[in-house]
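For reference, the structure discussed in these notes is given below.
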């Protein structure tokens, strides 16, 4: 079958009307609210993980942290294992130190 270059538009069943602007707006707002809530949840989860890592670095027991944050101790230990891995290198670690450019004196 060859492509005719024509795009078929969705057909509405008899008796159906196109969506009103108000309904379309309500759906768009609800979808945006859902996306914003998902972002906030992801952000809160990241904050919690960072706080757990800091508590582990301060020597807190994984079992105590698990009780405080209402997670399984296994989840805390998984985070602890990831902390025990060497950190990623920063640009300062990779690039050689460059001395500041000397500024010619006026005079």
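Numbering (my numbering), first residue to last: 1 to 107.
By construction, the Cβ of each residue, glycine as well, lies at the ideal position given by its N, Cα and C atoms.
Keep in mind the model is a prediction, meaning the values are calculated, not measured.
Go ahead and label residue i buried or exposed: buried means 16 or more other beta carbons lie within 10 angstroms of its beta carbon, across all protein chains shown.
| i | result |
| --- | --- |
| residue 96 | exposed |
| residue 94 | exposed |
| residue 79 | buried |
Whose C-alpha, out of the options, is nearest the C-alpha of residue i?
| i | options | result |
| --- | --- | --- |
| residue 56 | 32, 82 and 34 | 82 |
| residue 52 | 44, 22, 65 and 43 | 65 |
In whole angstroms, give me the CA-to-CA distance for residue i and residue j.
| i | j | result |
| --- | --- | --- |
| residue 76 | residue 38 | 23 Å |
| residue 40 | residue 46 | 10 Å |
| residue 20 | residue 27 | 11 Å |
| residue 90 | residue 18 | 55 Å |
| residue 58 | residue 44 | 21 Å |
| residue 50 | residue 36 | 21 Å |
| residue 33 | residue 42 | 14 Å |
Anyone know if the C-beta pair for residue i and residue j falls short of 8 Å?
| i | j | result |
| --- | --- | --- |
| residue 68 | residue 48 | no |
| residue 63 | residue 73 | yes |
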